[in-house]
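These notes are about the structure you will find just below.
In the working numbering, the protein residues as written are 238 to 732.
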C-alpha cells in the first residue's frame, strides 16, 4: 500500500504461508545419513549432504511416497512427472551454496484444506507442495541472530527431507493461520509422515501485506490480483509453532498498520521473529525469484510419479473420522473433536468403544484421561507406551471392579504421577468394590445413626440424601458405587 495515511479501519491484512514440514524418513532425502537426532554436531554427515566435489545425490523413495500421501490428503493435482532444480543462494547453513528443490514442476499443486475458525468453516487454497532438502542449523552464541557474539553451524540437519507447502494468500487474521497450522498438523500426523514432537519439524515463513480494505470482497474475502501485486510484502521467518505463528503475525500486522496509518511505507523485506523479545527484526531486503537463478538439477533425472499416485492409499483423515464417530457412536461435535485431534487418541477411543461402551469410552478418554494429561501439561504421546495400562483401568471400571470415583481420583492420578500400574494401585489402596452385603450393612447403619438427616429427607429436603451417601462412602472406604448407594438409601427410606 502506498505511503498515504489511512486509519486502522481502512486497512486489511493479507497473509500467505510457506510451511516447511520435515518428513518422517529414516534417512536423508539424497543420501543414506540417518535423520535421527544426534548428541554431537556434524556427526550425521557425508560427502553428499556436505556438497563435496564428485558426490552425487540419490533420491529417497520414502520422501516421494510421503509427498504423494500429502498431495492426496489435500486434494492436490499430482502430475505424471516432476523435476528437481537448484536454488542458488549463499548462507552459512547451506554447504553447497545451492539447495536442491523443485521449481516449476512441483510434485503437488492446486490443493486445498478446510479449516474452522470462530464457528465458520472455509477453504484455504494450497498453491503447491514441493520436495526439497533442509539446510543445516545455526546456533547463535551469546545472543540472538542480531546480537550474538558468534554463530556455530551444525550440518546434521542438512539434507533432511522437507515438504514445503505454499498456501494462497487466503488468510485475513493471525488466528486463522493458527487454525490452519493445527489442522495441517492433524492431517500430517494421521498420514504418518510427520512427527510433531521432533524439534524443528514444522517451520513457517509468513508473507504479510497491508492493503486498502475497500479492495477486499465482503462476500468472499478475495482480493484482486493486481492489488496484491502492487502491495509491498514482508516475509517473517523463524516461526516454529502454531502459537508463535499467531504471536509473530499479530505483532507484524500491528507494526505495519501503525506504519501505514502514519503515512509511512512498509519496506519489502525479510524479518526475523525473535520469540524471546516478542518482536520481529529486519534481516535483509526481500529477494525476488530471479535472485535465486533456478536451473534444472542435472544430477537427478525427471521423476515419474504415476505408479506412486496409483498405488499409494491414504488412511481415514480427521474430518472423516469425526463424522464417522458422530454417526457410529452418537458423539456430540465437541466430544468427536476432542477424540480425533490425534490418531493415537482416536485409535484408543475406538478400541475401547467397540469393546465396552461408547459413552464410557468417551467419558474416560475425552474427559478423564485427556483432562488429567492437560492438567499436567502432558499429551497422549507422553504416555503412548502405556496405553495398555489405561485400557486396563477402563476395563476395571467397565467390569465394576472399582468405582469410577476411585478410578479417577486414586488410580489414574497415581498412574500419571507415580508411574504405577492400575492393578498395583487397586491392591495397595484396597480399592476393590465392596460386596453387596457390606454396602447393605453400611446403608442400614447410616440410616440408624443419622435420624436428623432421615427426618429432613422425609420433610422434603432431597439434599439430605447426599449426606447419607457420604456416610456410606466413608464407611466403605470409598469402594462402594455412589449411584448404587443413592438408590439403596432411597429404597430403604421409602419403605
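Note that beta-carbon positions come from the ideal geometry of N, C-alpha and C, so glycine has one too. Bear in mind the structure is a predicted one, so any value in this text is a computation, not a measurement.
Look at the Cβ atom of residue i, then the Cβ atom of residue j, and state whether they are nearer than 8 Å.
i           : j           : result
residue 428 : residue 256 : no
residue 285 : residue 278 : no
residue 498 : residue 245 : yes
residue 415 : residue 322 : no
residue 630 : residue 648 : yes
residue 318 : residue 542 : yes
residue 312 : residue 449 : no
residue 399 : residue 301 : no
residue 268 : residue 304 : no
residue 652 : residue 625 : no
residue 715 : residue 642 : yes
residue 476 : residue 453 : no
residue 315 : residue 546 : yes
So, is residue i buried or exposed, given that buried needs 16 or more other C-beta atoms within 10 angstroms?
i           : result
residue 348 : buried
residue 339 : buried
residue 602 : buried
residue 596 : exposed
residue 532 : exposed
residue 239 : Legend: pLDDT at residue 239 = 48, less than 50; position of this residue unreliable, no value from coordinates given.
residue 327 : exposed
residue 591 : exposed
residue 711 : exposed
residue 393 : buried
Consider the Cβ of residue i: report whether some Cβ of chain C lies at a distance smaller than 8 Å.
i           : result
residue 507 : Reference to chain C is not applicable here, since this structure consists of a single protein chain.
I think residue i touches residue j, with their Cβ atoms under 8 Å apart; what is that distance to the nearest whole Å?
i           : j           : result
residue 472 : residue 523 : 6 Å
residue 576 : residue 599 : 7 Å
residue 270 : residue 362 : The pair is not a contact, with the Cβ atoms about 35 Å apart (cut-off 8 Å).
residue 329 : residue 375 : 6 Å
Apart from the five residues on each side of it in sequence, which residues of its chain come closer than 6 Å, Cβ to Cβ, to residue i?
i           : result
residue 640 : 718
residue 403 : 255, 364 and 365
residue 562 : 568 and 573
residue 493 : 447 and 503
Keeping to the same chain, check which residues put their C-beta closer than 8 Å to that of residue i; ignore five residues upstream and five downstream.
i           : result
residue 574 : 559
residue 729 : 680, 681 and 684
residue 589 : 597, 598, 601, 602, 628 and 631
So, at 7 Å on beta carbons, what are the nonlocal neighbours of residue i in its own chain, with the 5 sequence-adjacent residues on each side left out?
i           : result
residue 383 : 518
residue 512 : 481
residue 324 : 335, 336, 338, 529 and 531
residue 264 : 270, 271, 272 and 297
residue 196 : This structure does not reach residue 196, given that the chain is present from 238 up to 732, and the question cannot be answered.
Can you tell me which of the options puts its alpha carbon nearest to the alpha carbon of residue i?
i           : options               : result
residue 364 : 358, 350 and 373      : 350
residue 460 : 430, 253, 283 and 726 : 253
residue 423 : 578, 660, 605 and 504 : 578
residue 604 : 622, 572, 623 and 585 : 572
residue 507 : 552, 444, 568 and 660 : 444
residue 621 : 606, 634 and 612      : 606
residue 796 : 274, 290 and 341      : Here the chain covers residues 238 to 732 and nothing more, so residue 796 does not appear.
residue 308 : 565, 421 and 274      : 421
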